[in-house]
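Taken in sequence, the protein lines are chains A and B. Going by the numbering used here, the first residue of the first sequence is number 1, and it counts up by one from there. Going by the numbering used here, the first residue of the second sequence is number 268, and it counts up by one from there. All C-beta atoms, glycine included, are put in the ideal place defined by N, C-alpha and C. Data first, discussion second: the structure below is written as structure tokens.
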Amino acid sequence: MDNLRKKAKELLESKSVDLVIGYENGTNGKARAVFIKDPEKTGKLIYDERCKQNLAVYLNKHEVKHYGRIAIVAPLMVMRSILVLISECQVKQENITVLGIGNDGSFLDFQSMEVVEKYISKIPLGNPEPDQVIIDKLNAMTMEERREFWQNELERCFKCYACRAACPMCYCLRCTVECNQPQWISAPAHPLGNLEWHQLRTMHLTGRCVSCGDCGRACPLNIPIHLLTMQQAEEAFHMFGVRAGTSMKADSALSTYKPDDKENFIL
Amino acid sequence: MIPEKKIIDRVALDKLYESLKAAGNKMFAPVFRNEQTNFEYNPAATEISYSHIQTTQSVKNTVFPKIENLFRFESSQKSVELVQIDFTKVPRVIVWNAHPCDAAAFSALDSVFNWDYVDEIYNARREKLVVIGMSCIRADENCFCTSVDLGPGAVKGSDILLTPLANGKFIAEILTDLGKSIADENASLFTASNGENKEEVLAKVEKQFSHEKVTENLKNGFENSFWHEFSLRCIGCGACAYVCPICTCFDIQDESKAGKGRRLRCWDSCGFGMFTLHTSGHNPREVQSQRWRQRLMHKFSYQPDRNEFIGCVGCGRCSRACPVDMNILEQLVELEKLEIAAK
């Protein structure tokens, strides 16, 4: 923790960055995002098991982007999200300094984004174990059982779009659900509209989701929507051998054509 | 009417619930499901939660559902025919076991939906609504009803207000003619009060700020830099607005197929970037700090000014639902402390 605070302070003092995004103690025992410009305030930074929010979501936020060069406290999911955002030209590599956090919570002082790529390449990636257990259970169901499960879960969605707002990869200025000329999917939060919305979001994130689970954590109604995009992350890996957020180069499964792509999904 | 006080025990309370349900009323009562408590229509008496501090969602959807059918239409090449919905057929709904904050919120909704345009469907639902309230004997760190002129035993908005006593019985305050008619029809379930005092059992909710001072600071602080500071963390979802018992923003959607369709009123939120986006491309609330400011301004400045109520009942739902810890109580306390020169 001290190393993290020290590094953040140095970066701000030397004016190498304009803003540090990290975690601080929030209200009622929660941890939350903090935005630090003053080197003297870096003592607020914390990192522990409560720090689950994917802070990469702020890199595309207008007011945050406006600051310029940003250092960001980044456990694995945040690092991977940053690589996706760089590969999709949403943030500039030179504007981001990664204040890495290892799996054991220790501070990792990365000198460049290439080192971040190398670090990630050595870590076995996949969905968090507890989520994968539920996904396996769902996959073992019949299609009818699975449909019933999801209809029951999605029925109560009221379309507050916390899932979309929490996701670093949901950065479209105008989301498909808000296009009405033509209206691609139903906007109202009725069962069909909800099913369409979550299916659309899942497809749009296939091969881009880093399995951080923030969409599900953000849902005020405890709908486990993160299982949908996590399932697709595995699917994309099995079909195309690509995991999101492992490289700064654009290599997204559904938007990159390769002559040797497997085509065994075509019926 | 002059309020009356009676006593009802738990067995009789369940009987009262079942009898109201059997009489054809649509009961709306809290149930614990999916790791949270929410109001549901017509649960069994045994399913009802009496132990929760707060439900995740409010009870506003009884009068302002997340989707409301306004009318149907059929269009041909030459004309459009409107088919009105018979609003008189909406069912009688009894909100069962709502906390005083939720009960009080209905008067704010009444004011909004009758402010200039008198909203027919809202009023049709509201006229059929009965509120059986339940005083709070427990509160948590997100509750701040006493800072907005309410309290854990406030009677405002309830037709009958129940207060659970230590002996397992409930004080029943019969507050309106509607409440009295229910109590009279089920008179055998109630016993006479023996001077029980609800103040002894009510949750202790300390007053945390002066809403008058917050309003004053808001009036002078429109351009203040704290909006930017306060809202950097906000990710711009609608969770706070959707769980709020008073937020009433809506969007109109038409759904049609081959010329036949319906017009729907759906929940919306001033926190969304699209909410004020003009067709020209101009957006008067371009960034999230302006949208967050709007949320607090509306509740603590515009509504007190125009509608003479505070647009917040201190239920704390928005703080609990927020995925990024935008805690409204923390911000209101900070707002109160700010020294802003009057304009």
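Going by DSSP in three states, I123(A) sits in which element: helix, strand or coil?
Correct three-state label for I123(A): coil.
Excluding sequence positions up to five away, which residues of its chain have a Cβ less than 7 Å from the Cβ of C511(B)?
Same-chain partners within the cutoff: S325, R584 and C585.
Looking only at C-alpha atoms, which of S346(B), F354(B) and A609(B) sits nearest to T645(B)?
Lying before the first or after the last residue shown, residue 645(B) is absent from chain B, which here runs from 268 to 610.
C537(B) and Q691(B) - do their beta-carbons sit closer together than 9 Å?
In the structure as shown, chain B starts at 268 and stops at 610, and residue 691(B) therefore has no counterpart that could be examined.
Quick check: what's the CA-CA separation for E234(A) versus D535(B)?
Each residue's Cα considered, the two are about 34 Å apart.
With a cut-off of 9 Å, does the C-beta of P188(A) fall near any C-beta of chain D?
The question asks about chain D, but that chain is absent: this structure's protein chains are A and B.
For chain B, check one thing: does any of its Cβ atoms lie closer than 9 Å to the Cβ of R243(A)?
Chain B, which has no Cβ nearer than 9 Å to the Cβ of R243(A), makes this no.
Go to A254(B), then tell me how far its alpha helix (DSSP H) extends in each direction, as first and last residue.
An answer regarding residue 254(B) cannot be provided, because it is not within the stretch 268 to 610 covered by chain B.
Report the partner residues of S342(B) according to the DSSP bridge assignment.
Checking the DSSP bridge columns, you'll see S342(B) partnered with V347(B).
Closer than 9 Å at the beta carbon, the chain A residues around L280(B):
Here the premise fails: no neighbours, minimum Cβ distance about 27 Å.
Which runs of the alpha helix (DSSP H) at least 4 residues long sit entirely within the region 351-400 of chain B? Give them in chain order.
Listed in chain order, the complete alpha helix (DSSP H) runs (minimum 4 residues) inside the region 351-400 of chain B are 367-380 and 387-394.
Inter-residue CB distance, E341(B) and G526(B) (contact presumed, cutoff 8 Å):
At roughly 6 Å, the Cβ-Cβ gap stays under 8 Å, so E341(B) and G526(B) are in contact.
Using 10 angstroms around the beta-carbon of V548(B), count the other beta-carbons present and answer buried if the total reaches 16, otherwise exposed.
Per the sequence shown, the amino acid found at residue 548(B) is Gly instead of Val. Exposed, by the Cβ-count rule.
Starting from the Cα of P297(A), find the closest Cα among C179(A), K249(A), F240(A) and R164(A) and give me that residue.
The question about residue 297(A) has no answer here: the residues shown for chain A are numbered 1 through 267.
Which first and last residues belong to the alpha helix (DSSP H) in which W494(B) is found?
Counting along the chain, the alpha helix (DSSP H) containing W494(B) begins and ends at F493 to S498.
Using a Cβ distance threshold of 8 Å, determine whether the region 452-461 of chain B contacts the region 268-275 of chain B, with at least three qualifying pairs required.
Taking one beta carbon from each stretch, the region 452-461 of chain B and the region 268-275 of chain B have 3 or more pairs nearer than 8 Å; the two touch.
R359(B) and G291(B): beta carbons closer than 9 Å?
Yes, the Cβ-Cβ distance between R359(B) and G291(B) is below 9 Å.
Distance between P431(B) and V57(A) (C-alpha atoms, nearest Å)
One C-alpha to the other measures close to 45 Å.
From V357(B), M294(B) and S523(B), residue whose alpha carbon lies closest to that of S670(B):
An answer regarding residue 670(B) cannot be provided, because it is not within the stretch 268 to 610 covered by chain B.
Beta-carbon within less than 6 Å of L429(B)'s beta-carbon, same chain only, minus the 5 sequence neighbours each way: which residues are those?
Excluding sequence neighbours, L429(B) sits near M401, F437 and A439.
As a quick exercise: from R201(A), L173(A), C170(A) and Y171(A), pick the residue whose alpha carbon is nearest that of I185(A).
When each option's Cα is compared against that of I185(A), the closest is R201(A).
Per DSSP, the bridge partner or partners of A217(B):
Past the boundaries of the shown model lies residue 217(B); chain B is included only from 268 to 610, so the question cannot be answered.
Output needed in chain order: residues of the region 34-51 of chain A with a Cβ under 9 Å from some Cβ in chain B.
Correct list: V34 and F35.
So, is the C-beta of H62(A) closer than 9 Å to a C-beta in chain B?
Taking Cβ atoms only, chain B reaches closer than 9 Å to H62(A), which makes this a yes.
DSSP three-state assignment for D416(B), whether helix, strand or coil:
Correct three-state label for D416(B): coil.
Taking 9 Å as the cut-off, decide whether the C-beta atoms of P168(A) and L19(A) are in contact.
Not a contact, by the Cβ cut-off of 9 Å.
From what residue to what residue does the alpha helix (DSSP H) around R584(B) run?
Taken as a continuous stretch (DSSP letters only), the alpha helix (DSSP H) holding R584(B) covers R584 to A588.
Just the C-alpha distance for P75(A) and G100(A), rounded to the nearest angstrom, thanks.
The C-alpha of P75(A) lies about 6 Å from the C-alpha of G100(A).
Does any CB atom of chain B fall closer than 9 Å to the CB of I223(A)?
True, the Cβ-Cβ gap to chain B drops below 9 Å.
Closest to R208(A) by CA distance: which of R174(A), S247(A) and C219(A) is it?
Checked all of R174(A), S247(A) and C219(A); the closest Cα to R208(A) is S247(A).
By alpha-carbon positions, which one of I334(B), R405(B) and V379(B) ends up nearest to V468(B)?
By alpha-carbon distance to V468(B), the top candidate from I334(B), R405(B) and V379(B) is R405(B).
Out of curiosity, what's the CA-to-CA distance linking I361(B) and S455(B)?
Cα-Cα distance, rounded: 20 Å.
Identify the continuous beta strand (DSSP E) that holds Q520(B) and give its terminal residues.
Taken as a continuous stretch (DSSP letters only), the beta strand (DSSP E) holding Q520(B) covers F517 to K524.
Write down every uninterrupted run of the beta strand (DSSP E) in the region 286-311 of chain B whose length is 3 residues or greater and which is fully enclosed by it, in chain order.
293-300 and 303-308, all fully within the region 286-311 of chain B.
Going by DSSP, what residues sit across from Q183(A) in a beta bridge?
Within the DSSP bridge table, the entry for Q183(A) names N180(A) as partners.
Is A433(B) buried or exposed, if buried means 16 or more other CB atoms sit within 10 Å of its CB?
The residue in question, A433(B), is exposed, as its Cβ has fewer than 16 Cβ neighbours within 10 Å.
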